[in-house]
Every structure is written in C-alpha cells, then in structure tokens.
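Below is one structure; the comments refer to it alone.
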Amino acid sequence: MYFYTILVKRQVLMMLLFEVKKVLSKPLNKAALLILAAVLLIGSFLTIRDVRYIDADGNSSTGISAARHLQEDKNQYKGYLTEDVLKQVIQANAAVNASSESQSDDIQENNKAAANEQAFADIREMINLAFGELDNYDYYRIDSVSEDEVGSLYEQRIAGLKNYLSRDDVTNTFSEDEKQWLINKYESLDTPLYYEYADGWKALMDSQYLPTLMMITVLIIGFLVSGIFSDEFAWKADSIFFSSKLGRGKAILSKMGAGFAITTVLYWSVVLLFGFIVLAVLGFGGGNCAVQTGVSNWNSIYNITYLQDYLISTFGGYIGSLFIVTLAMLVSAKTHSTVFAITIPFIITCIPPFVGRLEAFARIMTLFPDQLLSINKNLEDFSLYHIGGNIFGSVSVIIPLYLILFCLVFPILFIVYRRTQIK
Amino acid sequence: MELKMIKLTKQFGNFTAVDHMNLTMTNGVYGLLGVNGAGKTTLMRMICTLLQPTSGKILCNGKDITKMGADYRKLLGYLPQDFGFYPEFTVKDYLLYIAALKGIRPVVAKKRVKELISKVGLSKAANKKMKKLSGGMKRRAGIAQAMLNDPKILILDEPTAGLDPNERIRFRNLISELSEDRLVLLSTHIVSDVEYIANEIWLMKDGRLLHQGTSDELIHSMTENVWKCYANKSDVPTLMKRYKISNIKSEPHGVELRIISKEKPFPDAVMEEANLEDVFLYYFGEKAGADDAVI
Numbered sequence: 213m214y215f216y217t218i219l220v221k222r223q224v225l226m227m228l229l230f231e232v233k234k235v236l237s238k239p240l241n242k243a244a245l246l247i248l249a250a251v252l253l254i255g256s257f258l259t260i261r262d263v264r265y266i267d268a269d270g271n272s273s274t275g276i277s278a279a280r281h282l283q284e285d286k287n288q289y290k291g292y293l294t295e296d297v298l299k300q301v302i303q304a305n306a307a308v309n310a311s312s313e314s315q316s317d318d319i320q321e322n323n324k325a326a327a328n329e330q331a332f333a334d335i336r337e338m339i340n341l342a343f344g345e346l347d348n349y350d351y352y353r354i355d356s357v358s359e360d361e362v363g364s365l366y367e368q369r370i371a372g373l374k375n376y377l378s379r380d381d382v383t384n385t386f387s388e389d390e391k392q393w394l395i396n397k398y399e400s401l402d403t404p405l406y407y408e409y410a411d412g413w414k415a416l417m418d419s420q421y422l423p424t425l426m427m428i429t430v431l432i433i434g435f436l437v438s439g440i441f442s443d444e445f446a447w448k449a450d451s452i453f454f455s456s457k458l459g460r461g462k463a464i465l466s467k468m469g470a471g472f473a474i475t476t477v478l479y480w481s482v483v484l485l486f487g488f489i490v491l492a493v494l495g496f497g498g499g500n501c502a503v504q505t506g507v508s509n510w511n512s513i514y515n516i517t518y519l520q521d522y523l524i525s526t527f528g529g530y531i532g533s534l535f536i537v538t539l540a541m542l543v544s545a546k547t548h549s550t551v552f553a554i555t556i557p558f559i560i561t562c563i564p565p566f567v568g569r570l571e572a573f574a575r576i577m578t579l580f581p582d583q584l585l586s587i588n589k590n591l592e593d594f595s596l597y598h599i600g601g602n603i604f605g606s607v608s609v610i611i612p613l614y615l616i617l618f619c620l621v622f623p624i625l626f627i628v629y630r631r632t633q634i635k
Numbered sequence: 097m098e099l100k101m102i103k104l105t106k107q108f109g110n111f112t113a114v115d116h117m118n119l120t121m122t123n124g125v126y127g128l129l130g131v132n133g134a135g136k137t138t139l140m141r142m143i144c145t146l147l148q149p150t151s152g153k154i155l156c157n158g159k160d161i162t163k164m165g166a167d168y169r170k171l172l173g174y175l176p177q178d179f180g181f182y183p184e185f186t187v188k189d190y191l192l193y194i195a196a197l198k199g200i201r202p203v204v205a206k207k208r209v210k211e212l213i214s215k216v217g218l219s220k221a222a223n224k225k226m227k228k229l230s231g232g233m234k235r236r237a238g239i240a241q242a243m244l245n246d247p248k249i250l251i252l253d254e255p256t257a258g259l260d261p262n263e264r265i266r267f268r269n270l271i272s273e274l275s276e277d278r279l280v281l282l283s284t285h286i287v288s289d290v291e292y293i294a295n296e297i298w299l300m301k302d303g304r305l306l307h308q309g310t311s312d313e314l315i316h317s318m319t320e321n322v323w324k325c326y327a328n329k330s331d332v333p334t335l336m337k338r339y340k341i342s343n344i345k346s347e348p349h350g351v352e353l354r355i356i357s358k359e360k361p362f363p364d365a366v367m368e369e370a371n372l373e374d375v376f377l378y379y380f381g382e383k384a385g386a387d388d389a390v391i
C-alpha cells in the first residue's frame with residue numbers, strides 16, 4: 213500500500229511536470245515570461261528612483277548611496293515619537309522656515325532648505341495630518357502648531373476622526389456601532405509610535421508599483437495557464453487524453469496542480485524578488501514601524517507594521533491571483549477556449565477600477581477580487597462589513613472570502629473537466 | 097475479451113448518429129466500413145468513453161464500461177481520426193507523457209517507449225519535435241501511443257487517412273502485426289485498408305449496421321453481378337445514371353467500365369469476380385466514392 217501511494221504520487225508529479233512543460237514550451241508563453249521579467253526590472257528601477265536624497269548643496273540623487281545618506285539623516289529621529297521628539301521637530305521646522313535658504317526665491321536655495329528638512333520630513337507630515345482635517349491635507353499646517361500642543365498629536369488623530377464622522381456629509385454613512393468601531397481602532401493604535409528610516413518599505417508598500425506589478429503578474433500568469441485545459445481541444449489531443457486510464461482523474465489533478473504551481477512559483481518569485489531588490493537598494497530597516505508613520509497610511513484603521521503590511525498585502529495578492537487564475541482555468545475547461553479564458557483576468561482586474569468610480573457600484577466593488585491585488589493601497593479605506601454581528605474592515609473580509617471561494621472553485625474545475633464529452 | 101453493445105444509441109438533438117446497435121466483438125480485427133457521416137466515429141467515441149450513449153450500453157466482459165471507469169480505460173488503446181499531439185514535445189516526451197496518462201510506471205514506460213519507437217520506425221526521430229514530423233511519422237507516433245499500455249482493445253479511427261500509398265501499406269502491415277491477441281476495431285472509408293487485415297467487416301450506414309461478415313461473405317451477399325465492358329466516353333454520364341459504376345478507366349478508343357448490375361448491361365459485357373470495393377458501392381450507392389473510397 214505504501215509503495216502504491218509513492219508510485220501514484222510519482223506518476224501525478226510526472227504528469228504535472230509534463231503539464232508545466234506544455235505551458236513553458238509554447239513560444240508565446242516564453243515571450244510572456246520575458247515581458248514579466250522586464251516589467252519586474254522596470255518596476256524595481258522606478259520604485260527605487262522614487263527615493264531621493266538632497267545634499268547640502270541642494271542637488272538631488274537616487275540609488276544606494278542616496279538611500280544610505282537619507283537613512284543617516286532620518287535615523288537622527290530614530291526611536292519613539294514622544295512629546296519631546298515632536299517638540300524637537302517643531303523647533304527644527306521653525307529653524308528651517310527661518311533660514312535664508314527657505315525664504316529665498318531661488319529654487320536651488322529652497323532645495324538646500326529641503327535638504328535640512330528631509331531628516332524630519334516624515335514626522336513633519338504626521339503633524340500636518342494630525343492637526344489638519346482628515347480629508348483635507350495642508351502642507352503648511354505644522355507651521356501653526358505650537359510646541360505646547362504638538363504633544364497631543366495622537367489625541368488629535370482620534371479627534372480628527374471623531375470630527376470627520378460627525379460631519380453632515382459623513383454622519384449618515386456610518387451607523388453608531390460603525391463609528392464606535394472606527395474610533396476604537398484609532399484608539400487601539402499603540403502610541404507613541406516607533407520611528408526610524410523606513411523609506412525602502414514605504415517605497416515598496418505606499419506606491420502604486422506593487423499593485424501594478426501584482427496586476428501584470430496575474431495577467432501574465434492567466435495568459436500562461438489559460439491554455440492548460442483548453443489547449444487539449446485546440447491541439448485535438450483531447451480524445452487520447454480522456455480515453456487514457458488517468459484522463460478523467462489524476463491527469464486532471466495534475467493539470468490543476470500545474471496551474472497552482474505556476475501561479476505560486478511565478479507570483480512569489482516576482483513579489484519576493486521585487487521586495488528584495490527594492491529593500492536591498494533602499495534598506496531593510498523600518499519594517500517594524502507602524503504603517504501610520506507613512507504619509508499614505510496616517511488614517512489607516514489597520515494597526516500593523518510595514519512588514520505586516522507587506523505580508524498581508526502579498527498574501528492577499530496571492531489569494532487573489534489563485535482565485536482569478538482558477539476562474540480563468542474554469543472558463544478554459546468549460547468553454548474549451550483559451551482566448552476566452554485569457555480575457556477573464558483582464559475583465560476581473562481591469563474593469564472594476566472603472567466601474568467602481570460609479571457611485572452605485574463603489575461599495576460592492578470594494579469586495580471584488582482586484583482589491584486583493586492592492587491591499588496596501590486600501591489601508592485607509594473605511595468600507596465596513598457586518599458578519600455574524602461583528603464589524604470588519606474590507607481587508608479582513610476579502611482575504612478569507614476569496615480563500616473560501618478559491619477552495620470552492622478548485623473542485624468545481626475538476627468536476628467540470630471530468631465530465632467533458634468529445635463530440 | 098468481449099465487448100458487447102446493447103441497443104446502443106447516440107443522438108445529437110434530432111439527429112441520430114448511432115441507432116440501436118447490437119454488436120458483440122471478441123479478439124480479432126473488425127473493419128468498420130461506411131461513408132462519411134455513417135456514425136463510425138461516434139460509435140468509436142462511445143466505445144472509448146469519450147461520449148455517453150443516449151441510451152443502451154456497452155459491456156466489457158459483462159460489465160458496464162461507464163461504471164468500470166479507469167479499470168476499463170486501462171484496457172484501451174485509441175488512435176482518433178484527428179490525431180492531435182503537443183507540438184513542442186519531442187516524440188519521446190510525447191510518448192512518456194501518454195504513458196504517464198495511461199498509468200504506466202516510469203521505469204516500465206521508458207522501456208516500452210523505446211521498444212515502440214523502434215517498432216514504428218521512429219528511432220531516428222525520437223528527439224524530434226512532434227510538429228516537425230511528416231504526416232506518416234505522426235500517424236506512426238499515434239499508433240505507438242495507442243500501443244503503449246499493450247491494450248486489449250485497440251480502436252483505430254481512420255488510421256490511414258491522408259497517408260500516401262506507401263505509408264498506407266506500411267501502416268496496414270503494422271496494424272496487422274500489432275493485432276494479435278487483442279480486439280481491434282478499425283474504422284475507415286478506404287476499402288483496401290480492411291480487405292486484407294480484418295477478420296470481420298461491418299458495413300455501417302445512417303447509424304445502423306447494414307451488413308456484417310468476412311470479406312467473402314459480404315461479396316456473396318451481393319444480389320447483383322459485376323460486369324466489365326467498354327463504352328464511348330460521351331456515353332458515361334448516361335450510363336452512370338442507369339448503373340452503379342465502381343471503376344472507370346480511360347482507354348485509347350473509349351473507356352473501360354466496371355458496372356454492378358443484375359442484368360448484363362451490354363451484349364459484349366464480361367462477368368467479373370466481385371471485390372470489396374464493389375460491395376461498398378453496391379451497399380452505399382452514390383455516396384460511396386464521394387471521397388476516396390476507390391483507390
């Protein structure tokens with residue numbers, strides 16, 4: 213029995229490897245993989261280029277040395293952002309504002325002032341956001357914040373939310389329970405926040421590059437695996453496949469396994485490689501900083517660190533990829549059309565962002581699988597859902613939702629293909 | 097090995113492709129003859145479990161093949177009419193993959209693939225991509241895949257279609273060689289394919305079995321005679337309307353005709369011995385020879 217099991221496993225593995233070979237040997241698929249590699253490299257380059265360092269002469273630069281200089285500057289404020297640290301930032305900001313470089317009309321001189329500001333630029337933004345209105349950003353808000361009041365930064369964040377929720381145009385959007393849930397989330401943020409240079413993580417997680425890269429990866433994986441089931445018909449190899457001993461059983465499992473393996477290997481290769489390249493150049497430090505230390509996430513209801521953000525976003529993206537790709541394979545198995553199957557990832561990832569702009573569809577679209585590919589960009593989303601008497605943010609809903617749907621679609625794929633009749 | 101079809105029927109909408117067929121096959125070569133659209137491929141697909149019958153059933157040694165599932169399919173070797181393959185695979189990889197699909201252990205598969213590649217004369221092309229093979233070589237790879245599991249039931253659907261005469265003869269001999277101790281069902285609309293190798297020939301028309309028997313039995317089942325005669329070329333269209341003509345051969349002063357008729361068509365007509373092609377024309381009438389029934 214033990215040897216039989218080993219034998220069956222070896223056979224399934226062998227068929228799986230042949231399925232992968234079928235996919236990778238297609239010339240168009242080879243081209244698609246080259247495109248994905250190019251996108252990964254371009255994406256990494258553009259992400260890295262986003263982090264700039266301005267030297268004392270006002271000249272800006274990018275790359276490894278720029279990141280190291282910026283790290284040195286920013287880590288002057290490394291540690292917990294207590295009242296004392298915040299006061300120092302107010303003082304430093306006032307000093308920069310008072311400097312001749314800042315007041316000059318010459319852009320190069322202004323750049324020199326910006327060079328002096330970049331060490332505390334992140335904290336400066338936190339103060340702007342905390343003391344400004346929740347949905348109305350003011351770059352100069354810090355200039356009117358006194359040393360005495362800056363210590364209330366964290367209380368101001370909560371007060372800003374309460375103020376926002378009581379506004380006439382917002383108050384009816386949320387129930388009282390939901391408002392309290394949001395406030396609780398804000399209040400449960402561990403303060404004072406820990407801060408250090410985290411521009412590598414911020415470039416990785418707070419820009420559009422990661423979601424874009426994930427989307428392109430899913431489209432390309434979809435392109436690769438869409439033919440796993442339907443190509444048997446296109447190549448007229450279906451009759452032999454289905455009349456063979458394992459054709460309506462383990463051979464289908466090996467096809468599903470190949471789709472799963474290609475998705476898993478390609479997705480994680482791209483995502484991990486992208487993360488590694490960006491962090492290797494810009495620095496791995498700061499992964500333990502709360503996402504709220506980044507200007508994009510100050511209003512986030514998710515009290516997580518950048519490392520956790522990366523793990524959740526990439527895991528969510530993986531679940532989204534699995535679901536989308538499995539759906540494409542299901543269409544491939546049902547319609548026997550590779551072309552039709554290829555369109556599924558396009559429809560799922562490219563159309564919802566446009567439909568979501570229509571007010572009537574905005575809410576429902578937050579639950580579409582494309583959202584899984586941009587979790588890191590949705591941390592400030594206040595869409596809430598009630599399940600079993602509890603309230604959840606959209607991120608907490610869509611990951612398990614699509615994990616369940618994937619687990620449901622996967623066996624359906626097997627059943628649909630198993631029932632194929634060759635007319 | 098016994099394969100029994102009981103009231104086997106397959107309908108596609110209002111069209112009945114196979115109509116209440118009752119047949120029994122044991123070891124030996126069965127030639128399934130019929131014009132295009134007779135239902136041969138549908139019948140074979142049902143035998144290969146690729147299609148579910150609308151009604152009726154197929155029994156393998158008394159067991160329903162749909163219930164046997166993989167246990168039945170492990171007995172099968174199938175070469176379909178439109179033999180498809182994976183274009184980027186080499187012959188060796190293709191056969192190893194099909195061996196895996198057939199549940200053959202990798203060690204055994206390697207040995208079997210090597211043997212069959214040699215047997216079908218593809219040793220030199222073993223590492224060539226399938227898409228680079230000629231039509232005949234592809235068919236040989238096709239028969240090799242069908243033989244991988246040493247099947248007890250071998251189903252060959254139009255195996256010689258599209259092959260040149262040399263390849264066709266070679267292929268026919270190969271099938272004959274491989275047909276020992278198994279049940280072989282060979283479908284074709286090329287009469288000479290089955291004339292020499294089939295133990296029993298079935299004539300199929302409009303989804304029904306018209307006649308069955310050995311080549312001689314079928315020839316003797318004809319109630320009309322075969323005549324050889326000569327005529328002017330200009331008379332051929334008129335004669336074709338009156339008689340079933342199985343062959344027309346141009347001669348310097350007219351044409352030599354092979355006519356199937358109860359009566360002597362011309363006073364100088366000479367009675368000839370009938371062959372299977374005449375039988376084909378006799379039973380299938382004007383539909384016979386629509387493609388390449390006459391070679």
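For the record, the sequence lines run as chains A and B.
Take my numbering: the final residue in the first sequence is number 635, and no numbers are missing along the way.
Take my numbering: the final residue in the second sequence is number 391, and no numbers are missing along the way.
Glycine included, each C-beta is placed from N, C-alpha and C at the ideal position.
All of these numbers come straight from a predicted model, not from anything done at the bench.
### Task
Alpha carbon to alpha carbon, how far is alanine 333 of chain A from aspartate 267 of chain A? Give it in angstroms, no decimals.
Distance between the alpha carbons of aspartate 267 of chain A and alanine 333 of chain A: 15 Å.
### Task
Find the residues of chain A that neighbour threonine 145 of chain B, judging by a C-beta separation of less than 7 Å, and give them in chain order.
Ser455
### Message
Report the CB separation of leucine 250 of chain B from alanine 237 of chain B in whole angstroms; it is logged as a contact under 8 Å.
### Response
Not a contact, Cβ separation roughly 16 Å.
### Task
Sort A:Leu365, A:Ala310, A:Ser311 by Cα distance to glutamate 337 of chain A and report the nearest one.
It is A:Leu365.
### Task
Please classify leucine 228 of chain A: is it buried, with 16 or more other beta-carbons within 10 angstroms of its beta-carbon, or exposed?
buried
### Query
Can you check whether the CB of valine 235 of chain A is closer than 7 Å to the CB of asparagine 241 of chain A?
yes
### Query
Is leucine 219 of chain A buried or exposed, if buried means 16 or more other CB atoms sit within 10 Å of its CB?
exposed
### Task
May I have a chain-ordered list of the alpha helix (DSSP H) segments no shorter than 4 residues that lie completely inside the region 375-406 of chain A?
Listed in chain order, they are 388-399.
### Query
Are the region 113-132 of chain B and the region 299-309 of chain B in contact at 8 Å, needing three or more beta carbon pairs?
yes
### Task
Could you tell me which residues DSSP pairs with histidine 307 of chain B in its beta bridges?
B:Leu299
### Query
Which residues does DSSP pair with cysteine 501 of chain A in a beta bridge?
Its beta-bridge partners do not exist; DSSP assigns none.
### Task
Take threonine 517 of chain A and list the residues in its own chain whose beta-carbon comes closer than 8 Å to its own, dropping the five residues that flank it on each side.
Gly499, Asn500, Cys501, Ala502, Val503
### Query
Comparing the C-beta of methionine 468 of chain A with each C-beta of chain B, is any distance below 7 Å?
no
### Query
How many whole angstroms separate the CB atoms of threonine 505 of chain A and tyrosine 407 of chain A, which I take to be in contact at a CB cut-off of 8 Å?
6 Å
### Message
Please state whether the Cβ-Cβ distance between proline 581 of chain A and glycine 532 of chain A is less than 7 Å.
### Response
Yes, they are a contact pair.
### Message
Can you find the residues in the same chain that come closer than 8 Å, C-beta to C-beta, to tyrosine 398 of chain A, ignoring five residues on each side of it along the sequence?
### Response
Arg369, Ile370, Leu373, Ile513
### Task
Decide if valine 204 of chain B is buried, meaning its Cβ has at least 16 other Cβ atoms within 10 Å, or exposed.
That one is exposed.
### Query
So alanine 294 of chain B packs on tyrosine 126 of chain B, CB below 8 Å; how close in whole Å?
6 Å
### Query
Quick one: what's glutamine 107 of chain B bridged to in DSSP?
B:Thr112
### Query
When DSSP builds the beta bridges, which residues end up paired with threonine 547 of chain A?
None, per the DSSP bridge assignment.
### Query
Are the beta-carbon atoms belonging to arginine 353 of chain A and glycine 344 of chain A less than 7 Å from one another?
yes
### Task
Spell out whether any CB of chain A is found under 7 Å from the CB atom of phenylalanine 181 of chain B.
yes
### Message
Closest to glycine 601 of chain A by C-alpha separation, out of A:Leu579, A:Trp393, A:Asn515, A:Glu571, would be which residue?
### Response
A:Trp393
### Query
When the Cα atoms are used, what is the spatial distance from lysine 163 of chain B to leucine 458 of chain A?
Going by the C-alpha atoms only, they are around 15 Å apart.
### Query
Considering only C-alpha positions, which residue in the set A:Phe618, A:Asn322, A:Val437 is nearest to glycine 471 of chain A?
A:Val437
### Task
Return the first residue and the last residue of the alpha helix (DSSP H) that glutamate 369 of chain B is part of.
Taken as a continuous stretch (DSSP letters only), glutamate 369 of chain B belongs to no alpha helix (DSSP H), as it is neither H nor E.
### Query
Would isoleucine 634 of chain A count as contacting chain B if we go by Cβ distances under 7 Å?
yes
### Task
Please name the residues in the region 215-234 of chain A whose beta-carbon is closer than 8 Å to at least one beta-carbon of chain B, in chain order.
Leu219, Arg222, Gln223, Met226, Met227, Phe230, Lys233, Lys234
### Task
Assuming glutamine 330 of chain A and leucine 282 of chain A form a contact by the criterion Cβ under 8 Å, report the distance between their Cβ atoms to the nearest whole angstrom.
That pair is a contact at about 7 Å.
### Task
Spatial neighbours of arginine 222 of chain A within its chain, please: CB distance less than 8 Å, with the 5 preceding and 5 following residues excluded, ordered by chain position.
none
### Query
Unbroken alpha helix (DSSP H) runs of length 4 or more, entirely within the region 449-532 of chain A: which are they?
450-455, 462-494
### Task
With DSSP as the reference, label arginine 336 of chain A as helix, strand or coil.
helix
### Query
In the structure shown, what three-state DSSP assignment does valine 322 of chain B receive?
strand
### Message
Considering only DSSP beta bridges, list what asparagine 348 of chain A is partnered with.
### Response
A:Glu345
### Task
Quick one: using the 10 Å Cβ neighbour count with 16 as the cut-off for buried, is glutamate 444 of chain A buried or exposed?
Buried: at least 16 other Cβ atoms inside 10 Å.
#### Entry: Between the CA atoms of proline 348 of chain B and serine 342 of chain B - distance to the nearest angstrom
20 Å
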